[in-house]
Each structure stands twice: as structure tokens, then as C-alpha cells.
Amino acid sequence: MPAPYCGMDCLLHDHADGAFPVGAKLEWLYIKNGKPLPRPGINLRNMVRAKFTDPNGDIVEAFSHTTGLMQSEETIFEVAKNHVIIRARQGIRYDEVMLAPQYHLFGEFQKEAKNNPVKALTRVINAVVMGIKAGEEASPKIEANFLVGIGRELSPRKAIQVLKAIEKSDRNHVVGANIVCDKNKFPPERHRATFEYADTAEINFEFHASEWIRRPKQNPDFQRDLPMLLKDLRFVLELYKKSRSKTKKRVGHGIALPYDTDLMRIASDYGIGITGCPGSNLQGKNIPDLESLKIKTMLLLGILWSMNPDDDFFQLDINEIFQMCNDVYRFTLEEKQLMRISAWKTRFGNRKPVPSDIYPFL
1 MPAPYCGMDC
11 LLHDHADGAF
21 PVGAKLEWLY
31 IKNGKPLPRP
41 GINLRNMVRA
51 KFTDPNGDIV
61 EAFSHTTGLM
71 QSEETIFEVA
81 KNHVIIRARQ
91 GIRYDEVMLA
101 PQYHLFGEFQ
111 KEAKNNPVKA
121 LTRVINAVVM
131 GIKAGEEASP
141 KIEANFLVGI
151 GRELSPRKAI
161 QVLKAIEKSD
171 RNHVVGANIV
181 CDKNKFPPER
191 HRATFEYADT
201 AEINFEFHAS
211 EWIRRPKQNP
221 DFQRDLPMLL
231 KDLRFVLELY
241 KKSRSKTKKR
251 VGHGIALPYD
261 TDLMRIASDY
271 GIGITGCPGS
281 NLQGKNIPDL
291 ESLKIKTMLL
301 LGILWSMNPD
311 DDFFQLDINE
321 IFQMCNDVYR
331 FTLEEKQLMR
341 ISAWKTRFGN
351 RKPVPSDIYP
361 FL
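Numbering (this note's numbering), first residue to last: 1 to 362.
What follows is the structure in C-alpha cells.
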């Protein structure tokens, strides 16, 4: 992927275990883990990429084909470092690298995770941070930070252990927490206490919410699923609304937002960022078409909606996503700039100067 001609140079929704850069490390990761490489003529990247293509498959199991290769400080460090270097080469100026430490406790951290889970989680977080710092040292124009994922299948008690590990980490580089993964079995309500702990600890927070609904033996249907998508979104935004902290808050995806005027008003009035992932939403058949996202409506109403790749190892990259959306929406220069401003305004980190054309709007 070349430098982002689309101008989207601030990525907030970037799962490192499903990102383009991890594909570049697959052969090294296979060798490090003692896994046999495929026979000649079989492309390793395509082989692994195919594991992610079932929209009804188990999301944690799908990602285990990459997270399972990152079970040591060395492999986690290298993936994080490589991620930052490649994003910088792509012209990205700010990136929040997302991984969930709980999926990296099955190798050298396994014994410690049983005896002292917070310590083991902290070691995983520190390995990511060290990799990010090494990546920044090689590519000083980018600011990259760690957005710690929390797989929502964790109980609130165990999720709070992840937050305690964040508290023990380098908070200049560990900029927030994000509730991720299976929304069907574990809706946002499960993690009310998790958010409340984070809010008290002044940890920036994001919920993946209103992304998809999966029903056994049924394909996604946006209109049918809309009430449930709105229910999840309403819970999250009302929870954010009650917060008394000054931390930043975001929603990942939020595809139902433009279908409820009251929820749009909350998002706009409280400066809640929406990290949109149109390519992912369309590829996963969670929306019937890109028009359903009503991106222009949200921008017009002052909602801080940004465009992101989500998982560009097996999905579209940010340029392809922008071009696809632009073919539908025909964004004006002002609308394109609004998406950039939204991303920069709602980023969780703030260690390096922002682009000069963005600074006046922050």
C-alpha cells in the first residue's frame, strides 16, 4: 500500500493481529514457533488470510491463527515494532496499535498468568510498548501508542485485572482500553463495572458496539438487526453520558448511530468519537451497502466520525476503503478534512505535534 493519498493519516481502529503488517512477519513467526511452512506453491499469507473469511465463524478462533504465533516477549515485540515501521512507511502519522493481552498468555507467560495474572498481563503490555518504542525510533515521524484490547468474554473481574495492568504500565504509551470481540454472547452490559473502573482510574475507553448481530444459521440482515444494534449503542452512549471523568470516550463501528436522532445528539454533544470501519462493515455483510452508514449525515451533524481499516491483513486498506466510499458519497474537501479532524480530535495519545493543517482545529 502506498502513502495514504486519501489523506487519512490518523488510525484509531487498527487491530495489529489482523493488520497488513502482521502478514509481513508471518514466515518469521512460523519459524520462531517451530511451525512448518507450507509446501512450495502455497502462499502462506493467503493460507492464513483464508482463516478469517467466514463471517459466521468464531472471531477469537479466527484471530488465534495470528495471536497464537505471538506467545513470547520476543514475538510480541517484533510484531509491534514491525507494525509501527510499516504504518509509518504508509504515511500514517498517528496510530493506536490494538492487541488484547489475554490472547497472548499461552506460551512463556502461561505459568505466571495462573499465579499472578496482573503481572503476566503487564509483561505482555510492556513487550508491546517496547516494540512500539523501537518502531518509533526507526520511524520518528509517527506517533504510535498501545490501545489495550479486552476480549469481552472475560468476566468483569478479569477485565479489571487488565485495567490494573494498564495502571502499572507506561501511561505515555498505553493510552486506553477497548472492549472487543464477540458482541452476541457478551453484550456491552456485561462490562458496565469494567468501564466504571476505567473511568475512575482515568483510562480512556472505547466499546466495540453496534457492529454486527449474528443469529444461528441466518445471514446478517441490517434492517432486522437494527433494533438490537441500537440497543447496544444506547447502553454505551448513556453510560458515557453519566461519566464524570475528563477521559476521552469512543465507540468502535457504531453502524446504527445515524438511525436515532437522540443518540446522535449525545455523540455530538459529548464529543464521543466514532471509529468507523466501512470496509469491514461491508465485507462482513453487516450493512447492505455503504449508503446505509450515512456518513455525510453524521459529519453534517458534528459527529466525530473517522475512517479506519479495522483489519487490513484480510480486508481492504485505508486507501481502498476511502476510494470505495468516495465513489458513493463524493466527499467534498471539507468533508474529507472533517474526517481527518475527527480522528485527530478523538485520538487517545498526545505525545508528538499534530500536522500543521490540523492543529488550528484542535
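A virtual CB, placed ideally from N, CA and C, is assigned to each residue, including glycine. Quick caveat: nothing in here was measured; it's all calculated off a predicted structure.
| Query | Result |
| --- | --- |
| Exposed or buried, P355, counting other C-beta atoms within 10 Å across all chains shown (16 or more means buried)? | exposed |
| Residues in the same chain with beta-carbon distance under 7 angstroms from H104, minus the five sequence neighbours each way, listed in chain order, please. | T67, M70, Q71, I76, V124 |
| For a test of the three-state rule: what should DSSP assign to Q337, helix, strand or coil? | helix |
| Any idea if N204 is buried or exposed, counting beta-carbon neighbours within 10 angstroms, 16 or more meaning buried? | buried |
| Would you decide whether M47 is buried or exposed? Buried here means 16 or more other CB atoms lie within 10 Å of its CB. | exposed |
| Helix, strand or coil for S292 per DSSP? | helix |
| Is the beta carbon of L121 less than 9 angstroms from the beta carbon of D17? | no |
| Thinking just about the alpha-carbon of each residue, which of V128, I85, E74, M130 is nearest to the one in G107? | E74 |
| Along the chain, where does the alpha helix (DSSP H) that runs through S306 open and close? | Per DSSP, S306 belongs to no alpha helix (DSSP H); it is in the beta strand (DSSP E), 304 to 307. |
| Are the stretch 240 to 256 and the stretch 192 to 210 touching, with three or more C-beta to C-beta distances below 8 angstroms? | yes |
| Which residue or residues does DSSP assign as beta-bridge partners of D221? | Beta-bridge pairing links D221 to no other residue. |
| Could you check what DSSP says for T275 in three-state terms: helix, strand or coil? | strand |
| Is the stretch 334 to 352 touching the stretch 300 to 308, taking contact as three or more C-beta pairs under 8 angstroms? | yes |
| Would you mind stating whether R87 and A24 have Cβ atoms separated by less than 9 angstroms? | no |
| Thinking just about the alpha-carbon of each residue, which of K242, R152, V175 is nearest to the one in H191? | R152 |
| Measure the CB-CB distance between T194 and A159 and report whether it falls below 9 angstroms. | yes |
| Please go through the stretch 67 to 112 and give each complete beta strand (DSSP E) segment of 3 or more residues, from N-terminal end onward. | 94 to 99 |
| Given a cut-off of 9 angstroms, decide if A80 and G146 are closer than it, judged by their beta-carbon atoms. | Note that residue 146 corresponds to Phe in the displayed sequence, not to Gly. Yes, Cβ-Cβ distance for F146 and A80 is below 9 angstroms. |
| So, helix, strand or coil for A62, using DSSP? | helix |
| At 3 residues or longer, what runs of the beta strand (DSSP E) sit wholly inside the stretch 124 to 204? | 143 to 151, 174 to 180 |
| Need the endpoints of the beta strand (DSSP E) that R250 sits in, please. | 249 to 253 |
| Please list the terminal residues of the continuous alpha helix (DSSP H) segment that includes L29. | 26 to 32 |
| Using a Cβ-Cβ cut-off of 7 angstroms (strictly less than) and excluding sequence neighbours within five positions of K296, which residues of its own chain qualify? | Y329, E335 |
| Can L11 and E136 be called in contact, C-beta distance under 9 angstroms? | no |
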